Each structure stands twice: as structure tokens, then as C-alpha cells.
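Enquirer: Attaching a single structure in C-alpha cells format; questions to follow.
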Amino acid sequence: ETGVTQTPRHLVMGMTNKKSLKCEQHLGHNAMYWYKQSAKKPLELMFVYSLEERVENNSVPSRFSPECPNSSHLFLHLHTLQPEDSALYLCASSQTGNQGRYGYTFGSGTRLTVV
Amino acid sequence: LAKTTQPISMDSYEGQEVNITCSHNNIATNDYITWYQQFPSQGPRFIIQGYKTKVTNEVASLFIPADRKSSTLSLPRVSLSDTAVYYCLVVDFSGGYNKLIFGAGTRLAVHP
Numbered sequence: 001e002t003g004v005t006q007t008p009r010h011l012v013m014g015m016t017n018k019k020s021l022k023c024e025q026h027l028g029h030n031a032m033y034w035y036k037q038s039a040k041k042p043l044e045l046m047f048v049y050s051l052e053e054r055v056e057n058n059s060v061p062s063r064f065s066p067e068c069p070n071s072s073h074l075f076l077h078l079h080t081l082q083p084e085d086s087a088l089y090l091c092a093s094s095q096t097g098n099q100g101r102y103g104y105t106f107g108s109g110t111r112l113t114v115v
Numbered sequence: 116l117a118k119t120t121q122p123i124s125m126d127s128y129e130g131q132e133v134n135i136t137c138s139h140n141n142i143a144t145n146d147y148i149t150w151y152q153q154f155p156s157q158g159p160r161f162i163i164q165g166y167k168t169k170v171t172n173e174v175a176s177l178f179i180p181a182d183r184k185s186s187t188l189s190l191p192r193v194s195l196s197d198t199a200v201y202y203c204l205v206v207d208f209s210g211g212y213n214k215l216i217f218g219a220g221t222r223l224a225v226h227p
């Protein structure tokens, strides 16, 4: 256990479904991130939240909607996804500024399959 | 953001020392050099980080020459469980939030 917990670990959803991915960290970090990792591709940064405010949205389609209700929780709401959205979705947390030198902590990810 | 270049893949055998070199010619004064390890279907794990010279921890050593345009991750006496993808990144921690931009990494295969 890394201190960043993601649920569910696996998710299969149809293209018309709505589902949410959850991420929780108990490390006292104040920045949280969503990454997408498709097969044989590098990790792609999707969203960044710093001090509970969304500070980056890297051209992610609107069918992905993040939510950060507090510094410990991060959600990724999914609706009307496409098969090419099937991937490993990873959440990470860190401290901002110079304290970030102690590194990111990643969760184990949610393996999403869109059918 | 400084771009990094590292070999796509490497092979080694159990018990050998593995050195993975990363080039970062455009590294800036505020940038740190950071390495992560990723096993299949898991999130990356922080291994080691440095600014200059040599850093050592219980897992690896990181060698950084004076010009900081490259760095070498050294894994002593690898085992089968060290088979993973290793990412080299440069990160500026002087601002607010820090974002890690991952490249393709180096896929290390350790053989019996």
C-alpha cells in the first residue's frame, strides 16, 4: 500500500454508462493528479489539482470530468466513453513547491475497459 | 520542461550491475533529476533524486556529472524482481505545483 488508494481496481463499462473513479490519499499532500496510461504508451498527464483547485487540464475530452472535494480525495467522473479510452488510470499526490522534492506517490491504478 | 533521452530497452542477468544513462542537455538551474520505477499494471514508484554529484540510497545510486547534462542510474546486483520500466525526469520544484512529464522510459529485462 503506497498511501494513495484507488478504487475500483478494475472496471468494465459500456459506452453509454456513467461511472466514477475514486482516489484517496492519507499523506497530507496538497496536490493531486490524474494520469492515463494506454498500452505501450507513456503516461499522459490529464489533470492537476493544487490546493483543491484545478490548475491544469491537458486537452482532455469533456467525457472525463474531475472533482476534488478536499485535499484528500479526487474523483474522475466518466460518461459516454469510447473504446479507445480503455487504459490504466493512475492517481498521484505530492506536496507543492520545494516539498515536492520528496516525490510523487502513485496509486495502483484502475484498469478501465470500455466495451 | 527539459526533455530527457534514455535507451528504450536493456537486458541484464541476475547479480549484475545495471547502469541506465539519461541525457538532459537542456536542464535548467532549478531542475532536479528524478528516477521512477514502474512494474506492469502498477503506478510508478519514486526511486532516487539528485541535483549534482552522487546520491545513494538503499535501492540505487545516481551519478550526475558537473555539467548536469546527463545522469546515470546504477542498480547494484539486480534480481528478477528489478524487471521494470525506469523513467528519468527533470523537475523544477521552485514553483507551486510540480508536474511530472513521463517519456517512454527504459524497459529493463533481468534474465536468470
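Just so you know, the protein sequences line up as chains A and B, in that order.
The letter at position 36 of the first sequence is residue 36 when you use my numbering, and the numbering goes up by one with no holes.
The letter at position 35 of the second sequence is residue 150 when you use my numbering, and the numbering goes up by one with no holes.
Beta carbons: idealized from backbone N, C-alpha and C, even for Gly.
Computed from a prediction, not measured in an experiment: that's the story for all the values here.
1) CB-CB under 7 Å to Asn-58 of chain A, same chain, minus the five flanking residues each way: which ones, in chain order?
2) For a test of the three-state rule: what should DSSP assign to Arg-165 of chain B, helix, strand or coil?
3) In whole angstroms, what separates the C-alpha of Phe-106 of chain A from that of His-26 of chain A?
4) If the criterion is Cβ atoms closer than 9 Å, does the pair Asp-126 of chain B and Val-225 of chain B meet it?
5) If Gly-158 of chain B sits next to Ala-39 of chain A, beta carbons under 8 Å apart, how far is it from one beta carbon to the other, in whole angstroms?
6) How should Asp-85 of chain A be labelled, buried or exposed, when 16 other C-beta atoms within 10 angstroms of its C-beta is the threshold for buried?
7) Flag this pair as touching only if the region 183-197 of chain B and the region 57-75 of chain A have three or more C-beta atom pairs under 8 Å; answer yes or no.
8) Step through the CB atoms of chain A and report whether any lies within less than 9 Å of the CB of Thr-149 of chain B.
9) Label Gln-82 of chain A either buried or exposed according to how many other C-beta atoms from any shown protein chain fall within 10 Å of its C-beta, with 16 as the threshold for buried.
10) Go to Asn-134 of chain B, then tell me how far its beta strand (DSSP E) extends in each direction, as first and last residue.
11) Residues of chain A with CB closer than 7 Å to the CB of Leu-215 of chain B, please, in chain order.
12) For Pro-66 of chain A, does the count of other Cβ atoms within 10 angstroms reach 16, so buried, or fall short, so exposed?
13) Is Asp-182 of chain B helix, strand or coil by DSSP?
14) Taking 9 Å as the CB-CB limit, is Pro-227 of chain B close to chain A?
15) Tell me the rounded alpha-carbon separation between Gln-6 of chain A and Pro-122 of chain B.
Expert: On the basis of the data shown:
1) For Asn-58 of chain A, the CB contacts under 7 Å within the same chain, skipping 5 residues up- and downstream, are Leu-45 and Met-46 in chain order.
2) Reading off the sequence shown, one finds Gly at residue 165 of chain B, where the question assumed Arg. Strand, per DSSP.
3) Each residue's CA atom was taken as its position, placing Phe-106 of chain A and His-26 of chain A some 12 Å apart.
4) The answer is yes: Cβ separation under 9 Å.
5) Their Cβ separation, rounded to whole angstroms, is 16 Å, which puts Gly-158 of chain B and Ala-39 of chain A out of contact at 8 Å.
6) It is buried - the Cβ of Asp-85 of chain A has at least 16 other Cβ atoms within 10 Å.
7) They do not touch, by the three-pair rule.
8) For Thr-149 of chain B, the answer is yes, since a Cβ of chain A falls inside 9 Å of its Cβ.
9) Answer is exposed; the Cβ neighbour count stays below 16.
10) First-last of the beta strand (DSSP E) with Asn-134 of chain B: 133-138.
11) Within chain A, Tyr-104 have C-beta atoms less than 7 Å from the C-beta of Leu-215 of chain B, given in sequence order.
12) Answer is buried; the Cβ neighbour count reaches 16.
13) In this structure, Asp-182 of chain B counts as coil in the three-state DSSP scheme.
14) Not closer than 9 Å to any Cβ of chain A, the Cβ of Pro-227 of chain B fails to qualify, so no.
15) Those two C-alpha atoms are separated by around 31 Å.
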